[in-house]
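Notes for the one structure printed next.
Numbering (our numbering), first residue to last: 1 to 121.
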């Protein structure tokens with residue numbers, strides 16, 4: 001499905017831009033701990049950007065509900081990385097409490113993708 005390729009491209013761009021912003025724009029403005037948190041958000045966003053692209057490329061080849069994997073990855077990016085970005089600059093712990101829900105969404109996406117690939121091979 002083209003939507004996952006497009007989401008992958010957009011998230012790849014955003015991950016690079018947010019990574020650069022964190023490295024250059026936030027340096028000296030937030031604590032070192034929060035910089036590391038920002039970096040973790042960027043890393044997970046980029047890893048799951050690649051997963052979105054894989055879902056988009058496999059969509060026509062793999063049977064099953066592979067779209068669910070793509071949506072789980074996208075929701076995971078929003079919840080996991082998004083909450084960490086906001087937490088990094090605000091220090092509001094409520095946002096850090098959202099992060100595990102994004103992690104669960106990532107895990108669900110990997111399980112669905114794995115199941116679809118196993119059925120394909």
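In this text, a Cβ means the ideal position worked out from N, Cα and C, and glycines have one as well.
(1) Residue 4 and residue 52 - do their beta-carbons sit closer together than 7 Å?
(2) By alpha-carbon positions, which one of 89, 116, 13 ends up nearest to residue 69?
(3) Less than 7 Å separating the beta-carbons of residue 122 and residue 74?
(4) CB-CB under 7 Å to residue 98, same chain, minus the five flanking residues each way: which ones, in chain order?
(5) Can you list, in chain order, the residues of its chain with a C-beta nearer than 8 Å to that of residue 61? Leave out the 5 residues immediately preceding and following it.
(6) Going by other Cβ atoms of all chains shown within 10 Å of its Cβ, with 16 needed for buried, is residue 11 buried or exposed?
(7) From residue 87 to residue 24, what does the alpha carbon distance come to, in whole angstroms?
(8) Apart from the five residues just before and just after residue 34, which ones in its own chain have a Cβ nearer than 6 Å to its Cβ?
(9) Have a look at 95, 66, 38, 76 and flag the residue whose alpha-carbon is nearest the alpha-carbon of residue 114.
(10) Please say whether residue 72 and residue 16 have beta carbons closer to each other than 7 Å?
(11) Rounded to whole angstroms, what's the CA-CA distance from residue 56 to residue 96? Just pull it up for me.
(12) As a quick exercise: from 2, 59, 76, 112, pick the residue whose alpha carbon is nearest that of residue 41.
Taking the geometry as given:
(1) Between residue 52 and residue 4, the CB-CB gap stays under 7 Å.
(2) When each option's Cα is compared against that of residue 69, the closest is 116.
(3) This structure gives no information on residue 122, because the portion of the chain shown stretches from 1 to 121.
(4) Contacts found: 79, 83.
(5) Within the same chain, and ignoring the five residues on either side of residue 61 in sequence, the residues whose Cβ sits closer than 8 Å to its Cβ are 120.
(6) The residue in question, residue 11, is buried, as its Cβ has 16 or more Cβ neighbours within 10 Å.
(7) About 18 Å.
(8) So the qualifying residues of the chain are 88.
(9) With distances taken between Cα atoms, residue 114 lies closest to 66.
(10) Not a contact, by the Cβ cut-off of 7 Å.
(11) Distance between the alpha carbons of residue 56 and residue 96 is about 30 Å.
(12) The shortest Cα separation from residue 41 among 2, 59, 76, 112 belongs to 76.
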